[in-house]
Amino acid sequence: MLKPVSANSPSARAPLLQAIGITKRYGTFPANESIDLDLYAGEIHALLGENGAGKSTLVKMMYGLIQPSEGELRFEGEKMVLSGPSDARSRGIAMVFQHFSLFDNLTVAENVALGLGGSETFAAMSARLKQVSSDYGLPLDPKREVWRLSVGERQRIEIVRALMQNPKLLILDEPTAVLTPQEADQLFVVLERLRSEGRALLYISHKLDEVKRLCDTATILRGGKKISTCDPRAETAASMARMMVGAEIGEVKAGAGRATTVPRLLIEELSMAPDDPQGVHLKSITVEVKGGEILGIAGVAGNGQDELFAALSGERSAPRTANVIIDGHAAGHMSVTERRRLGAAFVPEERLGHGTAPRMKLSENALLTGHAASGMVHRGFVDKLATLATVDKTTKTFDVRKAKRDPEAASLSGGNLQKFIVGREILREPGVLIVSQPTWGVDAGAAAVIRQALLDLSGRGTAVLVISQDLDELAEIADRIAVMFHGTLSPPVAAAEATREKLGLLMGGASPEKEASSATVAKEASHAVGA
153 MLKPVSANSP SARAPLLQAI GITKRYGTFP ANESIDLDLY AGEIHALLGE
203 NGAGKSTLVK MMYGLIQPSE GELRFEGEKM VLSGPSDARS RGIAMVFQHF
253 SLFDNLTVAE NVALGLGGSE TFAAMSARLK QVSSDYGLPL DPKREVWRLS
303 VGERQRIEIV RALMQNPKLL ILDEPTAVLT PQEADQLFVV LERLRSEGRA
353 LLYISHKLDE VKRLCDTATI LRGGKKISTC DPRAETAASM ARMMVGAEIG
403 EVKAGAGRAT TVPRLLIEEL SMAPDDPQGV HLKSITVEVK GGEILGIAGV
453 AGNGQDELFA ALSGERSAPR TANVIIDGHA AGHMSVTERR RLGAAFVPEE
503 RLGHGTAPRM KLSENALLTG HAASGMVHRG FVDKLATLAT VDKTTKTFDV
553 RKAKRDPEAA SLSGGNLQKF IVGREILREP GVLIVSQPTW GVDAGAAAVI
603 RQALLDLSGR GTAVLVISQD LDELAEIADR IAVMFHGTLS PPVAAAEATR
653 EKLGLLMGGA SPEKEASSAT VAKEASHAVG A
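For the sequence shown, the numbering used here assigns the number 683 to the last residue and increments by one with no breaks.
Okay, here's the thing in C-alpha cells:
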C-alpha cells in the first residue's frame, strides 16, 4: 500500500500544480500560448483537444521533457523549474505515456527497475512491485518476460512503475487505448481509488464518454490556446467535441440504399507462422468481405492483427496463393504492388515509417503507394504534376491542414497525417480497402471525417476491412464484427448484435456463451441455496 496523500476540499486549498501563462514557441510558431491551468489533489482533471492542439507540449513541460518559453509552473505553491523527468519524479510527478517504453526480452521487474532510481536492492524492489501491483488490483509476476504478456498486462507495468514512485500527480496519456472494455473498467476503479487517496490525476483521452464518467474537471485546448474549463458531467460528448474543434461535428451515417454485392475479398484457411519469434501464429482464418460491406475486426493489440495485415497487403507471402483472393484473383503469393494493380489499397497502423516515409514530401509519399495504378508514372518517368494533384485533392477533400503545399510527412500532426494517408488510398476508388486502426489517436473531428469516408467508399461498392481496437468506432461503421484472439478469428456477427460485453469477452479470450451459461448456473445455484 502506498503512503496516502492528504486530500482536502479543492476550494479550501491551493492547487497542487499551477501553470501560469505557459507559452512554448518553436521558432515563431506557438505550440502553447498563455495557458493557465490548476490541478488539485483529490481530483481527476481531463485535458482535451484535437490533434495539434498543444496537449502533448503542455504535459511534456509539466514532466520536464521540454522547457517553457514564457510563463511558470508552480508545484505546491513554489515556482518549479524542472531539469528533466528525473527531477519531476523526485517532486512527485509521474507520467504514463500512450506508447509503452518497455524492453520485450527483459522481465517485468527488470523493466520497472530501469525506470526507478534510488538505492533499493533489486530483490526489495521486486517484492515491492508485487505488493503494489496486488494492492491496486493490477497483478503482475515480476519474473515474467514482457514479450509473454498481453497488451493489457504491459499497460499495468507502466502504471505500477508510476505508482511505485508514490506520485502526488499522475499524468496519463490515452490509458485505455489498448484495453478491452473490461480492462478499462478495472483501470477506472484504480484511478478512482488514487483520487480517493488524495492524488491529482491529469487524464488525456479522445474518448469523451470516459471523460464524462471519470473526470471532475476538463480543460479544453484548441490551436495551442486554452478555450474553456468545464465540468464534463454537465456537458455532453457532442458539446465537448464542439469546444475542441470549434464547430459542430458532423454525424457519421451510412448513405441510403447501401447494398452488398458479391464477395470481393476472401481469406480462406489462412495459417501462417510469424517471421518474428515473438509474433503471433495465424490459425485457419477464413472470412469474406462483400462489396458494399464494412467488416470490422476487433481485438486487443498483439493478437495477430499485424500478421494478418501483412498477409493481406502482400508484405508477407501466404503459404498458398488461394489463401487470399482479391476480386476473383488468387493473390496469396502476389506482392504489394501486384495486389494494388488488382484494385486493392492498404492503410497500415503506423503512420510514420510504415504509412509514410517521414522525411519525404507528401507528393513523394503519394508516389510510393500510387505509382502502380494511379497514372503517376509514364514510360518510367514520374509525373510530378500528378503527384502534386493527388496531394491537393487529398488536402481539399479530407481537410488536411499543413503549413505549405507539399511539406514533409513528419511535419504534419498525427490527425492530419492520418487523414492524408487514408485519403490518398480512398481517392484511388479501390475495389478492396484494408485499413488498420483508421482513427488511432486522432481527435473527434478527424475521426468523423475518416469514418464517413469509409462508409461512403463502401456505399460505392468497395469491400472494406477495418482492423480496430476502438469498439465505438466499429459499432459506428461496421456491418459485421469479428474478434481476433491469439491468432484466431471468431465468426463475424451483425454489428447490431455485437454488444460491448460480448466483444470484450471475446477480446479477453472468453466465450460469451460459456460466460452466460456460468451465470445461469450460478443464478440457479443461488436460488437453490435460498430455497
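We treat Cβ as the ideally placed atom computed from N, Cα and C, and that holds for glycine.
List the whole-angstrom C-beta distance separating residue i from residue j, where the pair is believed to meet the contact cut-off of C-beta under 8 Å.
i	j	result
Leu422	Gly456	Going by Cβ atoms, the distance from Leu422 to Gly456 rounds to 10 Å, so no, they are not a contact pair.
Pro500	Met424	In fact, because the Cβ distance is near 17 Å, the residues do not count as touching under 8 Å.
Phe274	Glu310	Going by Cβ atoms, the distance from Phe274 to Glu310 rounds to 19 Å, so no, they are not a contact pair.
Asp325	His197	That belief does not hold up - the Cβ atoms of Asp325 and His197 are roughly 13 Å apart, past 8 Å.
Gly304	Glu335	5 Å
Val404	Leu607	7 Å
Lys231	Glu224	6 Å
Gly350	Ala596	Contact doesn't hold; Cβ gap of about 32 Å is too wide.
Val584	Lys571	Actually they are not in contact, since the Cβ atoms of Val584 and Lys571 sit about 21 Å apart, beyond 8 Å.
Ala497	Pro582	4 Å
Please identify the residue among the options whose C-alpha is closest to the C-alpha of residue i.
i	options	result
Thr412	Ala463, Gly443, Ser186 and Leu354	Gly443
Tyr355	Thr328, Glu628 and Gly466	Thr328
Ile586	Glu297, Gly495 and Asp595	Gly495
Asn475	Ile437, Val452 and Gly229	Ile437
Thr388	Glu403, Arg374, Asp361 and Pro167	Asp361
Arg468	Ile478, Ala483, Arg580 and Ile372	Ala483
Val645	Ala450, Phe572, Leu609 and Thr259	Ala450
Ile477	Phe637, Val414 and Gly194	Val414
Met181	Arg531, Lys554, Pro167 and Asn257	Checking the sequence shown, residue 181 turns out to be Phe, not Met. Among Arg531, Lys554, Pro167 and Asn257, the Cα nearest to that of Phe181 is on Lys554.
Glu445	Arg241, Thr651 and Ala615	Ala615
Val312	Trp299, Leu626 and Leu268	Leu268
Ala605	Phe550, Glu262 and Asn203	Phe550
Ala386	Lys364, Arg300, Val552 and Gly480	Lys364
Pro319	Lys556, Tyr215 and Ala276	Tyr215
Thr209	Asp239, Ser238, Pro237 and Arg177	Arg177
Gln621	Met277, Thr489 and Leu658	Leu658
Gly179	Lys212, Glu195 and Pro220	Pro220
Ala463	Ser302, Gly244, Ser286 and Glu420	Glu420
Val341	His358, Met392, Asp287 and Ser357	Asp287
Once you ignore the five residues that flank residue i on each side, which residues in its own chain have a CB closer than 6 Å to its CB?
i	result
Thr547	none
Ile602	Val574, Pro590 and Thr591
Glu185	Thr175, Gly376 and Lys377
Leu447	Val441, Leu617 and Arg632
Gly204	Ser565
Ile578	Ala605 and Leu609
Arg308	Leu290 and Leu292
Ser161	Since pLDDT at Ser161 reaches only 43, below the 50 mark, its modelled position is unreliable, and the value read off the structure follows with that caveat. No residues qualify anywhere along the chain.
Lys139	The structure shown does not extend to residue 139, since the chain is modelled only from 153 through 683, so no value can be given for it.
Ser302	none
Met392	Leu360
Residues in the same chain with beta-carbon distance under 7 Å from residue i, minus the five sequence neighbours each way, listed in chain order, please.
i	result
Ala562	Leu504, Pro510 and Arg511
Ala599	Thr591
Ser380	Ile372 and Met395
Leu540	Ser515 and Asp558
Met486	Gly466
Arg241	Gln317
Gly507	Val499, Pro500 and Ile573
Pro167	Asp190, Leu191 and Tyr192
Arg493	Ala524 and Ala525
Asp383	Thr369
Taking Cβ to Cβ, would you say residue i is nearer than 8 Å to residue j?
i	j	result
Leu189	Ala171	yes
Thr542	Arg576	yes
Thr259	Arg296	yes
Leu281	Pro294	yes
Phe227	Leu322	no
Leu609	Val439	no
Val284	Leu315	yes
Asp479	Arg580	no
Arg347	Leu339	no
Val264	Met277	yes
Gly613	Val432	no
Gly656	Phe637	no
Excluding five sequence neighbours on each side, which residues of the same chain lie with their C-beta closer than 8 Å to the C-beta of residue i?
i	result
Phe249	Glu310 and Asp325
Gly527	Asp535 and Ala538
Asp427	Arg468
Gly173	Ser186, Ile187, Asp188, Glu222, Gly223 and Glu224
Val298	Leu254, Phe255, Asp256, Asn257, Leu258, Thr259, Val260, Asn263, Arg306 and Ile309
Is there a Cβ from chain C that is less than 8 Å from the Cβ of residue i?
i	result
Ala246	Of the chains in the structure shown, none is chain C; there is only one protein chain.
- Query: Fully enclosed by the region 393-429, which beta strand (DSSP E) runs are 3 residues long or longer?
  - Reply: 415-424
- Message: My parser needs the beta strand (DSSP E) runs of 3 or more residues fully inside the region 516-595; what are they?
- Response: Inside the region 516-595, DSSP marks whole beta strand (DSSP E) runs of 3 or more residues at positions 584-588, from first to last along the chain.
- Task: Mind listing, in chain order, the continuous alpha helix (DSSP H) runs of no fewer than 4 residues lying wholly within the region 194-274?
- Result: 207-214, 237-243 and 260-266
- Message: Report the start-end ranges of each alpha helix (DSSP H) in the region 298-332 that is 4 residues or longer and not cut off at the edges.
- Response: 303-315
- Query: What are the uninterrupted segments assigned as alpha helix (DSSP H) that are 4 or more residues long and contained completely in the region 415-503, given in chain order?
  - Reply: Within the region 415-503, the complete alpha helix (DSSP H) segments at least 4 residues long are 457-465 and 488-493, listed from N- to C-terminus.
- Message: Give the list of continuous alpha helix (DSSP H) stretches no shorter than 4 residues that lie fully inside the region 589-660.
- Response: 596-611, 623-629 and 652-659
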